[in-house]
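Letter by letter, the sequence shown follows residues -19 to -1, 1 to 427 of mature numbering (1 follows the signal peptide of the UniProt record, and there is no 0). All C-beta atoms, glycine included, are put in the ideal place defined by N, C-alpha and C. If you're wondering where the values come from, they're calculated on a predicted model, not measured in any experiment.
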Amino acid sequence: MKIALVTPFLFLIFLLQCASPATQQEASAQPQPGKILPFFTLGVSKESLETIGKRRWSFRVKSILLHHTNGLKAEEYLEKSKSSGWMVHFLVLENGSVYGVEDPSKILYRAAPGMDETTIHVSWEGANDAILKNESQLNALSELIGGLAKEYSIPLNNHDIASGKGIFTHTQSKKKFGRFLDTGECGSEKVLSALLAKTQGKFFPETEWKDRFIPGWVLRKEKFVDSSGKKIIQTYTHGRGISPAPSIELSSIEKTSDGKAPEEKRLRYNHRGTIRPECIVLHYTAIPDYQRTLEVLEKRNLSATFLADQDGKIYQLLDSILDTAAAATGTNANCFQVEIVGKDTDMLLSNREQTKAVVRLVKELSEKYKIPLNNERVESLRGVYSHTQAKKKWGGSIHLDGKDFDPGEPYMKEVIEQVGGTFYAEENWFERQSNDWILLFTSFQP
């Protein structure tokens, strides 16, 4: 869409009429319907836009991605975006003024990896759903979205983000493709719903997004009822009351007088094959109760290899420690999964007996299977890692953000150093600054 820009000459005339320091704000105070003001009037030079962007073929554009400034004013938002290597194609201010580039189809800006190649990024000034109370801003955004959709034959719906065709929020893109700073709402589903209503499009709530409940999303969404609303009852192939209790081979694991796993401590689960034992992943349950943890794992059809109770006793949950657990995407085929009962990192750190037991288990597994005692390179699948580190690398969880702790890096440091290993802080994880992570290591993202 080649959009007519207000010329630099006309803008200069306007500047000469008022020499106060507030000139830029006043220049944007009079929105011109249908007009797109150039970004340089907000302090972003043409040269910097060209440096940040890359050329692309117009025919590749097939989607619009909606962002908001999260309360930042336009100038600060654009400066933070530019300084971090990001940029959007258009920005709609609170007063209804629209700023942007002349031909968005021919320039690729990074704002949402996974969508950037084929999308036009549109942001609005404000936070949450504030724009819904600002008629002039909402109308300006609606007019812009409608015009872009018509020009580039973009479907007026948010149904199938995997196809790359449609109008979506950055939030939906985060959930599908990852590569984000955090999972905070960005673009607002309520705002998108209002925009699609204004443009005669169709809005789909998250539960109706195409394939939302099947694998393939960085942030999973679980389903506990079927299409009729009936509760889904899980079935299992192995575990408590189904298969014989296994003999316990590790000295750090609790067993009955005849050397078996205590029946009441076992987990019902579905067999998924066996692992190549090369790493260990530590988790916390977020539930301070052993039996309740078993119930939640079974309800969600998840599993771990071991579960460390608050009293310092650790139990084997699976029939074999080499059975594949379902606990941490990207690591399940290679790692022992250790769940630790506790509601948060502080609870784990305060429980010395439990920590000692976890240390004994990690040490025994590392000696038996020659597992390196460090957390530097999670992608190597050779080491001792937190679930958070795995989630930030591969996603596949129902929750993930920059402040995520599972079981908490202070706890990881405690365990790894107690077993005589080397702990690496997040900034020192291998290639943590690269874009090859689901959760990016950056201070800002549009």
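Closest by C-alpha distance to residue i, when choosing among the options
i           : options               : result
residue 26  : 367, 401, 355 and 82  : 82
residue 252 : 303, 185 and 61       : 303
residue 301 : 376, 220 and 360      : 220
residue 45  : 104, 62 and 340       : 104
residue 48  : 69, 115 and 205       : 69
residue 293 : 257, 340, 311 and 259 : 340
residue 273 : 313, 323 and 254      : 323
residue 244 : 231, 259 and 224      : 224
residue 338 : 231, 52, 258 and 90   : 231
Residue j beta carbon less than 7 Å from that of residue i
i           : j           : result
residue 427 : residue 38  : no
residue 387 : residue 403 : no
residue 28  : residue 74  : no
residue 374 : residue 418 : yes
residue 120 : residue 183 : no
residue 262 : residue 343 : no
residue 159 : residue 199 : yes
residue 308 : residue 285 : yes
residue 248 : residue 283 : no
residue 56  : residue 18  : no
residue 88  : residue 34  : yes
residue 179 : residue 123 : yes
residue 102 : residue 92  : yes
residue 362 : residue 315 : yes
residue 329 : residue 321 : yes
residue 241 : residue 226 : yes
residue 359 : residue 397 : no
residue 423 : residue 174 : no
residue 256 : residue 295 : no
residue 310 : residue 392 : no
residue 254 : residue 218 : no
residue 99  : residue 36  : no
Alpha-carbon to alpha-carbon, residue j and residue i
i           : j           : result
residue 298 : residue 271 : 11 Å
residue 43  : residue 130 : 9 Å
residue 280 : residue 266 : 14 Å
residue 238 : residue 229 : 11 Å
residue 291 : residue 395 : 17 Å
residue 4   : residue 189 : Because the pLDDT at residue 4 is just 37, under 50, the model does not fix this residue reliably, and the value given afterwards should be weighed accordingly. Near 47 Å, if we compare the C-alpha coordinates of residue 189 and residue 4.
residue 191 : residue 157 : 11 Å
residue 214 : residue 208 : 14 Å
residue 406 : residue 133 : 46 Å
residue 84  : residue 31  : 12 Å
residue 204 : residue 16  : 46 Å
residue 10  : residue 50  : Only weak support exists for where residue 10 lies, its pLDDT of 45 falling under 50; the coordinates are left without a value.
residue 355 : residue 347 : 11 Å
residue 54  : residue 78  : 13 Å
residue 195 : residue 142 : 14 Å
residue 116 : residue 408 : 44 Å
residue 59  : residue 168 : 16 Å
Buried or exposed (CB count within 10 angstroms, at least 16 for buried), residue i
i           : result
residue 246 : buried
residue 170 : buried
residue 318 : buried
residue 351 : exposed
residue 336 : buried
residue 287 : buried
residue 109 : exposed
residue 176 : buried
Enumerate, from N- to C-terminal direction, the unbroken beta strand (DSSP E) stretches of 3 or more residues contained entirely within the stretch 269 to 302.
287 to 289 and 295 to 297
In chain order, what are the residue ranges of uninterrupted beta strand (DSSP E) at least 3 long that sit wholly in the stretch 319 to 369?
364 to 367
Complete runs of the alpha helix (DSSP H) confined to the stretch 40 to 108 [at least 4 residues]:
55 to 64
Runs of 4 residues minimum, wholly inside the stretch 154 to 200: which ones carry the alpha helix (DSSP H) assignment?
For the alpha helix (DSSP H) assignment, the uninterrupted runs of no fewer than 4 residues enclosed by the stretch 154 to 200 are, from N- to C-terminal side, 170 to 179.
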